[in-house]
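Heads up: the structure comes next, in structure tokens.
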Amino acid sequence: MKNIEKIIVKSIKSVEGRQKYAVNYLDWHWSEIFGENIAKHSKPSKLVNGVLFINTDNPAWSHSLLMMKNKVLAKIVTVIKESSYKVKIKDLRFFNGSIKRIKLEKNVDPYLLPDVELLEEDKKLVKKEVSVLKDEKLRKAFESLMLSDKKRKLAMKTKYQTNCKVCGVPIRKGEIYCVHCEKERLTQIKNKIAELLRSMPWLNYQDCLNYVTCDRIIFDEVKGNMINIFSEELSDYRCSEEKKAFATMIINNLKPDEIDDEIIHRTAERIRRRKANVRASWSGLYSKKQ
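Residue numbers (the numbering used here): -5 to 284.
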């Protein structure tokens, strides 16, 4: 690993920051790790709670990589261990969608810092700080060292830092929002998706994009949570007719004119059987432990 990369890694204090740079590191070396063919159709997207999300350009590639999941995970873990990134990757998730790639010029080191020039004010400040040293050779040596350090910091800031689109605080280049604004933005998107699903429970991801811009992972998370909630209510015999109909629509992606009492009944029975099977599995597992 290049020295500059080690410096960058050491300067990142937050877990979120190390995770994002680890994903960038994997992305830059993806073709070296898995070969050109796999790299052409997939890329690491984000790392959340030890789970690395891998974006593929079609469902067939998601399925293929899923079949090789253990080998893919083992290779990624090995690469991360050999790097300076202190992050844990315990699992992989695959999803398909358009792939946005980081464009790098051939034979250009992604860690190479740009050539920058210090302001005259900064140079004068350094001269003032070293002026207390009487020995001329020592004074010039310290001046050169301090100027080099300031220049390196300015180059790193120029290459790796930008400002949040919303609040303007400094963030790493390649990002659009700071952690706080990104969290607020995702909360707003999730609330909007939930609001849409409450009025149109049959909504799928492609139709959702007509109302709100989001990625597939966020949509599936919101809809999955709502399905879990209404599946629990549907399994209760005391569930109201209105909630039964809503649960049936969101679980089966059906519109109001596509459901009837028979479909509602079959859906409720399927949910109850699934719930009973889960309870039986847990009961058997508990008995073995005893």
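Even glycine gets a Cβ: it sits at the ideal position worked out from N, Cα and C. Just so we're clear, the structure is a prediction, and the values are computed from it rather than from any experiment.
message = Count Cβ pairs between the segment 64 to 72 and the segment 182 to 193 that sit closer than 8 Å; are there 3 or more?
response = no
request  = Give the C-beta separation of Ile312 and Asn49 to the nearest angstrom, bearing in mind that I take them to be a contact with Cβ-Cβ under 8 Å.
outcome  = What the structure shows of the chain is the stretch from -5 to 284, and residue 312 is not part of that stretch, so it cannot be assessed.
ask   = For Val206, which of Tyr19, Val124, Ile183 has the nearest alpha-carbon?
value = Ile183
ask   = Can you tell me the Cα-Cα spacing of Glu47 and Glu10, whole angstroms?
value = Looking at the sequence itself, residue 47 is Phe, so the reference to Glu does not match. Using only the alpha carbons, I get a separation of about 15 Å.
ask   = Does the beta-carbon of Gln200 have 16 or more other beta-carbons within 10 angstroms, so that it is buried, or is it exposed?
value = exposed
ask   = Taking Lys75 as the reference, which of Leu20, Asn271, Lys131, Lys159 has the closest Cα?
value = Leu20
request  = Using a threshold of 8 Å, state whether the C-beta atoms of Val81 and Gln13 are closer than that.
outcome  = yes
message = Here's the rule: buried if 16 or more other CB atoms are within 10 angstroms of the residue's CB, otherwise exposed. What is Thr261?
response = buried
ask   = Does the Cβ of Leu132 have 16 or more other Cβ atoms within 10 Å, making it buried, or fewer, making it exposed?
value = exposed
task = State yes or no: is the C-beta of Ile253 within less than 8 Å of the C-beta of Ala270?
result = no
query = Whole alpha helix (DSSP H) runs in the segment 207 to 234 with 4 or more residues, listed along the chain?
reply = 210 to 228
task = Could you check if Leu113 is buried or exposed, using at least 16 other CB atoms within 10 Å of its CB as the buried criterion?
result = exposed
query = Which of the three DSSP states, helix, strand or coil, is assigned to Lys(-4)?
reply = Unreliable positioning characterises Lys(-4) in this predicted model, as indicated by a pLDDT of 49, which lies under 50. The coordinate reading is nonetheless provided below. Coil.
request  = Would you list, in sequence order, the uninterrupted beta strand (DSSP E) runs of no fewer than 3 residues that lie entirely inside the segment 106 to 170?
outcome  = 155 to 157, 164 to 166
key: Test item: CB-CB of Leu228 and Trp196 under 8 Å   = no
task = Classify Asp254 as helix, strand or coil using the three-state DSSP reduction.
result = coil
ask   = Where DSSP assigns a beta bridge to Val272, which residues make up the other side?
value = Beta-bridge pairing links Val272 to no other residue.
task = Within its chain, find whatever has a CB closer than 8 Å to the CB of Val17; leave out the 5 residues flanking it on each side and keep chain order.
result = Pro38, Ser39, Lys40, Leu41, Leu46
inquiry  = One question on the structure: do Ile211 and Phe28 come within less than 8 Å of each other, judged by their Cβ atoms?
reply    = no
query = Can you name the residues that DSSP bridges to Phe240?
reply = Answer is none; Phe240 lacks a bridge partner.
request  = Go ahead and label Val216 buried or exposed: buried means 16 or more other beta carbons lie within 10 angstroms of its beta carbon, across all protein chains shown.
outcome  = buried
task = Alpha carbon to alpha carbon, how far is Ala149 from Asp109? Give it in angstroms, no decimals.
result = 7 Å
request  = Output the distance between the C-alpha atoms of Met61 and Ile265, rounded to the nearest integer angstrom.
outcome  = 28 Å
query = Just the Cα atoms here: how many angstroms apart are Lys63 and Leu86?
reply = 7 Å
Whether Val124 touches Glu111 by CB criterion (8 Å) = no
query = Looking only at its own chain, which residues have a Cβ that is under 6 Å from the Cβ of Ile258, when we skip the five neighbours before and after it?
reply = Lys238, Thr242
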